[in-house]
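So the structure is just underneath, and the comments pick up after that.
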Amino acid sequence: MEKLTYRSIDEDVLRNMQAPTRTYYYLLALCFAGILLGAFCWGYMIATGIGVAGMKHPVFWGTFLINFVFWVGIAHSGTLISAILYLFRAPWRTAIARSAEAMTVFAVVTAGLFPFIHLGRVWIVYWILPYPNERNLWPNFQSPLVFDVIAISTYLTVSAMFWYTGLMPDLAVVRDKARGIRKKIYGALSLGWTGSHRRWNHYGKAYLLFAALATPLVISVHSVVSWDFALSIVPGWHSTIFAPYFVAGAIHSGLAMVLTLLIPMRKVFRFEHLITMNILENIAKTIIFTGLIVGYAYATEYFMAYYSGNVFERDTMIWRAIGNYSTAFWIMVVCNTLVPLLLFFKRVRTNLKRLFAISILVNVGMWYERFVIIISSAAHQFDPYSWTHYSPTWVEYGIMLGSFSLFGFLFLLFARFLPTVSMTEMKESLEPPRRNHRSRSISGTGEGSS
Amino acid sequence: MTQKHSLLGTFSYLDDLLKAIEQARERGMHVETVYSPCPNHEIQEAMCMKPSSVRFFTLTGGILGVLFGIGLVIYTSLQWKFIVSGKPVIPLVPAVVVGFEFCILFSVLFTVAGLLFKSRLPRPGLPAHYREGLSQDEFGLLLRCRPEESRTVREFLKAAGAKEIHELPS
């Protein structure tokens, strides 16, 4: 970081907001086509009926809920990096915090679509909101699904506010460098920010409070998502470990997604000196940690099934490992717990190709984890008469592809129109420019002396 | 009303700026604003800033959020008085979850409102003395003085190491 200066940071970050290459437009068009396909599938389902999805009794929570949980999980590492690591003063988070926060916002937006899709009659989705009405009907606040609506809406609002507040000073930098219509647009977006000492004082306090509020929120959100399952009596779901198990899994998948996005981004944008190998290595080490927690949770589920003496629980757990969905189960185990162990080796976690491959495998594994949890329990409940086999239809695959495309589309727009690295935080992490370095280090009055 | 002049000195180095702030205060000059490209605790200390009052907005939001969340659960439960799963009509445990989420939501909304209110944002335009370099790699010291003092202040800023000096009658 010695070679970085305030000016070079601005130049590096703003350079990537200029006219993009043709490849960028191809990728954007590809994602847009994916969104159109997803929208067509959703429209077809609305016109035809929810029966065109593969869900049937007793599996009413198919890929729509799998993708919902998957995307909410992806969102969590953004808050881990932007809020939790901020509170712990981890300096390596600075260069990647903005992208991780953007990822959080887009992942929650994507996740938030799935309950809408799953409801079928999406035009009456507002019934779930608590609003005064002539029949005096209200949501049942004892239902974890209502907790979920409140938690996800809160999470989307908080992460968007957190992201935008952090962006404000950087938008002012873009405004000051831009000309013409761009200057007006970024001027409006930066709300007239000037970087006066009073504003920095309020900004610093507000940012710290956001981080302090987002930290318990992120833990509560995936806990609430886990209670959608754990508060039922279905074998494989009715478990007290679900909240920490889901939170750890969410961060595990989110960190992998951060690597999946950052490794190509740093190459394309030539951010090698900002997003250093050391940062990627730290993410890899955190993935080892979360992978071990997830592996421990898998083992605990089996131990609890054995030790509780509950025959239904035992049967579900055995069926997961050797039943119809055993392939999904073993993909989950290998990708989430065994593959991340490779990151113990320095030559693996410092090799970009290997790191990227592992991040993809963890993403795949975490998607299958949600598949295994949701489908294998719902399809194999107490009564053998109602056991069934669920497989997604083309409509569900189309909507799933649409969701990945939407996420990619939003991230590409972000990379083009907004600063992908927080210039303010990067500058803050540098030693400020001083005429006389020596006198300061002798007096030892500043941060550099510690 | 006495007419005042604003003089903005831009600095390339933080130590020059800090020294200029200290000397300006010693000479009894009115330091209006200090600009920097990123937050800096040395500037905050030099300007003797008190902790931001945004935190009181957050606290107010948090308290209102808890009361609103729990109040909503109690109010809606009392509308029909259904007994669900043998639980009391007013369910305390679920109310904690709803109260917590609303606490965070309201805290954040109030924090944003507090930040905007205390920072006097949004503003349609930028101050006339504002310079583009202030968001990038320059520090700025804005001093206000009577018209007859502007020459002295200009010389002071120059001696303190200001790269450029911009004068604006207000």
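Chains A and B, in that order, give the protein sequences. Numbering follows our numbering, with no gaps: position 52 of the first sequence is 111. Numbering follows our numbering, with no gaps: position 135 of the second sequence is 223. Don't be surprised by glycine CBs; every beta carbon is placed ideally from N, CA and C. All values reported here derive from a predicted model rather than from experimental measurement.
Given a cut-off of 8 Å, decide if residue j and residue i are closer than it, judged by their beta-carbon atoms.
i	j	result
Tyr-427(A)	Ala-356(A)	no
Gly-97(A)	Ser-418(A)	no
Lys-256(A)	Lys-206(B)	For clarity, residue 256(A) is His in the given sequence; the question names Lys instead. Their beta carbons are not under 8 Å apart, which means His-256(A) does not touch Lys-206(B) by this criterion.
Tyr-456(A)	Val-118(A)	no
Gly-251(A)	Gly-137(A)	no
Ser-291(A)	Val-306(A)	no
Phe-206(A)	Trp-286(A)	yes
Ile-125(A)	Val-167(A)	no
His-439(A)	Thr-375(A)	yes
Gly-202(B)	Val-154(B)	no
Gly-350(A)	Pro-399(A)	yes
Trp-259(A)	Pro-127(B)	yes
Phe-430(A)	Ala-364(A)	no
His-93(B)	Glu-255(B)	yes
Phe-129(A)	Phe-466(A)	no
Gly-461(A)	Ile-94(A)	yes
Hey, does residue i have any beta-carbon neighbour from chain B nearer than 8 Å?
i	result
Tyr-262(A)	yes
Tyr-185(A)	no
Ile-346(A)	no
Leu-333(A)	no
Glu-487(A)	yes
Gly-254(A)	yes
Arg-494(A)	yes
Ser-509(A)	For Ser-509(A), the pLDDT reaches just 27, beneath the cut-off of 50, and the residue's location in the model is therefore unreliable, although a value from the coordinates is still provided. Chain B contact via Cβ: absent.
Arg-499(A)	The predicted model places Arg-499(A) with a pLDDT of 44, which falls under 50 and marks its position as unreliable, so this point remains unresolved.
Ser-279(A)	yes
Thr-274(A)	no
Pro-189(A)	yes
Gln-77(A)	no
Gly-505(A)	Note that Gly-505(A) scores 35 on pLDDT, short of 50, meaning its location in the model is unreliable and no value can be drawn from it.
Val-284(A)	no
Val-293(A)	no
Phe-206(A)	yes
Gly-251(A)	yes
Less than 8 Å between CB atoms is the rule here; does residue i satisfy it with respect to chain A?
i	result
Met-135(B)	yes
Val-111(B)	A quick correction: the sequence has Gln, not Val, at residue 111(B). No, Gln-111(B) does not count as interfacial toward chain A.
Pro-257(B)	no
Leu-214(B)	yes
Leu-96(B)	no
Val-184(B)	no
Thr-148(B)	no
Ser-195(B)	yes
Glu-252(B)	no
Pro-127(B)	yes
Phe-156(B)	no
Pro-179(B)	yes
Leu-222(B)	yes
Lys-175(B)	yes
Val-172(B)	yes
Leu-209(B)	yes
Lys-246(B)	no
Taking residue i as the reference, give the member of the options with the closest Cα.
i	options	result
Leu-193(B)	Gln-77(A), Lys-405(A), Leu-276(A) and Phe-173(A)	Leu-276(A)
Leu-222(B)	His-93(B), Ser-94(B) and Ser-100(B)	Ser-100(B)
Gly-254(A)	Leu-152(B), Leu-209(B) and Glu-237(B)	Leu-209(B)
Thr-199(B)	Ala-271(A), Tyr-361(A), Gly-113(A) and Asn-126(A)	Ala-271(A)
Met-220(A)	Val-186(B), Phe-227(B) and Leu-197(B)	Leu-197(B)
Ile-458(A)	Ile-176(A), Ala-437(A) and Pro-323(A)	Ile-176(A)
Ile-334(A)	Ser-481(A), Val-181(A), Leu-144(A) and Ile-143(A)	Ser-481(A)
Met-518(A)	Ile-390(A), Leu-411(A) and Leu-414(A)	No answer is possible for residue 518(A): the residues shown for chain A start at 60 and end at 509.
Phe-156(B)	Val-393(A), Asn-369(A) and Pro-189(A)	Pro-189(A)
Arg-113(B)	His-217(B), Leu-231(B) and Ile-151(B)	Leu-231(B)
Thr-121(B)	Ser-195(B), Thr-98(B), Ser-141(B) and Val-142(B)	Thr-98(B)
Give a yes or no on whether 8 Å exceeds the smallest Cβ distance from residue i to chain E.
i	result
Thr-479(A)	You won't find chain E in this structure, because its protein chains are A and B.
| field | Continuous alpha helix (DSSP H) assignments of at least 4 residues falling wholly in the stretch 380-436 of chain A | value | 385-392 and 405-408
| request: Could you pull out every unbroken alpha helix (DSSP H) segment of at least 4 residues lying fully inside the stretch 145-189 of chain A, listed in chain order? | output: 153-178
| Taking only runs of the alpha helix (DSSP H) that begin and end inside the stretch 177-227 of chain B, which ones reach a length of at least 4 residues, in chain order? | 180-206
| field | Segment contact flag, the stretch 98-112 of chain B with the stretch 222-239 of chain A, C-beta cutoff 8 Å, min 3 pairs | value | no
| task | May I ask you to verify whether the stretch 147-166 of chain A touches the stretch 321-334 of chain A, counting CB pairs closer than 8 Å and requiring at least 3? | result | yes
| query | Are the stretch 468-486 of chain A and the stretch 392-405 of chain A touching by the rule of at least three beta carbon pairs closer than 8 Å? | reply | no
| query | Curious, which full-length beta strand (DSSP E) runs of at least 3 residues does the stretch 197-269 of chain A contain? | reply | none
| task | Let me know the alpha helix (DSSP H) ranges lying completely inside the stretch 105-150 of chain B, each 4 residues or longer, listed in chain order. | result | 129-134
| task | Assess, as a yes-or-no matter, whether the stretch 188-202 of chain A is touched by the stretch 138-152 of chain A under the definition of 3 or more beta carbon pairs within less than 8 Å. | result | no
| Stretch-stretch touch, CB-based, cutoff 8 Å, three pairs: the stretch 212-228 of chain B with the stretch 156-171 of chain B | no
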